[in-house]
Amino acid sequence: MADFPESHVVRVRADERDAKRIADHLLERFFEGEGAVGAFEAPDGSWIAEAHFPELPDKSAIAAAVAEIRSGAKPEYETLAAKDWIAASLEGLKIVRAGRFAIHGSHDRGKISPNETGIEIEAALAFGTGHHGTTLGCLRALTRLARTHRPARVLDVGTGTAVLAIAAARAFHAPVIATEIDRDSIPVARENVRANRAGAYVNILHTGSLSAPAIAQYARYDLIFANILLPVLKQLARPIAALAAPGATVILSGLMPHQALAALARYQALGLRFERAENIENWTTLTLRVP
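17 is the number of the first residue of the sequence shown in the numbering used here; add one for each residue after it.
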């Protein structure tokens with residue numbers, strides 16, 4: 017396993033309005049508009065602005081940027097030892113089955129039955145091994161969809177390891193555009209696509225925007241996944257709705273149960289209809305339909 021560097025998380029607690037403003041300000045100040053930054057509601061009802069840095073900027077610069085939005089707010093810092101996380105995630109990593117799909121590591125390759133669609137994903141920095149409730153919820157929603165529909169074009173927003181993109185490609189043999197904002201995840205995703213023989217269908221794009229020409233080329237999409245945090249789900253609601261074909265299925269995850277109604281309301285306001293919600297391990301996956 018590669019020796020990945022540590023990463024750094026900055027969190028600032030504030031009310032909803034200021035948390036969102038702080039997140040936007042950090043995004044513009046330190047990431048030039050593209051980065052792993054967002055604001056979310058904590059289980060206790062408070063709000064947190066959170067930013068992930070591969071290299072931590074000067075703390076005084078971060079504090080000054082936060083103070084420009086909310087005087088007296090104190091940033092909290094956490095260092096994540098990425099190498100230790102990967103090693104820990106491999107311990108006891110078991111096969112995850114969701115309908116026809118079996119997500120497994122190379123050590124379980126021989127345990128997949130002929131009637132299962134095996135997807136080999138090693139634990140890595142890129143998010144999505146199938147062991148998280150959000151990814152599992154999306155795979156279950158995909159399994160239900162495959163019983164009655166055959167999407168011709170698929171969009172996977174925030175692909176991580178590309179497990180959902182690979183699953184869709186294997187299920188439908190349809191072109192899949194998969195976007196990812198995290199640069200370090202791109203080679204992981206592309207290697208997973210290659211290893212799972214999905215390269216003829218899946219195109220991985222490094223972008224945080226849905227206006228890229230390669231995305232517009234295949235619009236409109238019959239199936240859209242967005243397994244990302246609530247602030248980004250809300251931010252991308254309008255472009256996602258615009259990229260969806262009539263009758264399309266939109267599968268949203270990355271939501272804690274208390275956040276699901278906020279996401280649902282945002283998409284219903286754009287005309288999408290609720291079909292199903294599923295809670296797995298304190299995460300909610302929503303399945304919506306475009307009229």
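Even for Gly, the Cβ is constructed at its ideal location relative to N, Cα and C. Given the structure is predicted, the values throughout are model-derived calculations rather than measurements.
Measure the CB-CB distance between residue i and residue j and report whether it falls below 8 Å.
i, j, result
"Leu239", "Thr265", "yes"
"Pro70", "Val82", "no"
"Asp172", "Leu180", "yes"
"Arg236", "Leu259", "yes"
"Trp299", "Thr150", "yes"
"Leu72", "Phe117", "no"
"Ala63", "Asp40", "In the sequence as displayed, the identity of residue 63 is Trp instead of Ala. No, the pair does not count as a contact, with Cβ atoms beyond the cut-off."
"Leu288", "Pro255", "no"
"Leu268", "Phe290", "no"
"Ala257", "Tyr283", "yes"
"Arg37", "Glu66", "no"
"Ile193", "Ala157", "no"
"Leu245", "Gly121", "no"
"Leu280", "Leu249", "no"
"Ala68", "Ala52", "Looking at the sequence shown, residue 68 is not Ala but His. Yes; because the gap between Cβ atoms is below 8 Å, this pair is in contact."
"Gly174", "Glu196", "yes"
"Pro363", "Phe188", "Because the chain in this structure spans residues 17 to 307, residue 363 falls outside the shown range and cannot be described."
Applying the criterion that 16 or more other CB atoms from any shown protein chain within 10 Å of the CB defines a buried residue, is residue i buried or exposed?
i, result
"Leu233", "The question names Leu, yet the displayed sequence has Gln at residue 233. Flag for Gln233 reads exposed."
"Ser23", "buried"
"Gly144", "Reliability fails at Gly144, whose pLDDT of 47 lies under 50, so the model's placement of it is uncertain and no value is given."
"Ser76", "exposed"
"Tyr93", "exposed"
"Ser129", "exposed"
"Ala242", "buried"
"Leu350", "Examination of residue 350 is not possible in this model, given that the chain is present from 17 through 307 alone."
"Asp14", "Given that the chain is displayed from residue 17 to residue 307, the structure contains no residue 14 and the question cannot be resolved."
"Thr164", "exposed"
"Leu141", "Reliability of the predicted coordinates at Leu141 is poor, the pLDDT of 41 falling under 50, and the value obtained from them is presented with this limitation in mind. By the 10 Å Cβ count, Leu141 comes out buried."
"Arg186", "buried"
"Asp74", "exposed"
"Ala35", "buried"
"Leu96", "exposed"
"Ala103", "Because Ala103 sits at a pLDDT of 46, beneath the cut-off of 50, its placement in the model cannot be relied upon, and the following sentence gives the value as read from the coordinates. By the 10 Å Cβ count, Ala103 comes out exposed."
"Glu84", "exposed"
"Asn131", "exposed"
"Glu297", "exposed"
"Arg169", "buried"
"Gly61", "exposed"
"Ala184", "buried"
Using only alpha-carbon positions, find the residue among the options that is nearest to residue i.
i, options, result
"Arg125", "Lys110, Arg116, Ser269", "Lys110"
"Arg29", "Arg86, Ala253, Leu43", "Arg86"
"Ala190", "His41, Ile197, Ile182", "Ile182"
"Gly115", "Thr159, Ile137, Thr95", "Thr159"
"Pro247", "Asn219, Ala261, Met272, Gly153", "Met272"
"Ala253", "Ala58, Val306, Glu136, Thr95", "Val306"
"Ile119", "Leu302, Gly88, Leu152", "Leu152"
"Phe47", "Thr195, Asn295, Ile78", "Ile78"
"Ile137", "Arg166, Arg213, Phe188", "Arg213"
"Phe56", "Ala285, Gln251, Ala261, Thr133", "Gln251"
"Glu294", "Leu286, Gly270, Ala285", "Gly270"
"Arg45", "Arg33, Ala58, Val25, Ala80", "Ala80"
Shorter than 8 Å from the beta carbon of residue i to some beta carbon of chain D?
i, result
"Gly126", "The structure shown contains no chain D, having only a single protein chain."
Confirm the yes/no value for this check: CB of residue i, any heavy atom of the ligand SAH, distance under 7 Å.
i, result
"Ile296", "Absence of the ligand SAH is noted for the structure shown, with no ligands found whatsoever."
Subject >> Secondary structure, alpha helix (DSSP H): runs of 4+ residues fully inside the region 210-235 >> reply: 229-234
Original post:
Can you find at least 3 beta carbon pairs, one from the region 272-284 and one from the region 201-212, that sit closer than 8 Å?
Top reply: no
**OP:** Starting from the N-terminal side, write out each stretch of the alpha helix (DSSP H) that is 4 residues or longer and does not extend beyond the region 65-89.
**Re:** 75-83
Original post:
Hey, which unbroken runs of the beta strand (DSSP E) at 3 residues or more fall wholly within the region 235-261?
Top reply: 237-243
**OP:** Could I get the ranges of all uninterrupted beta strand (DSSP E) runs contained in the region 161-217, with 3 residues as the minimum, in chain order?
**Re:** 170-173, 192-196
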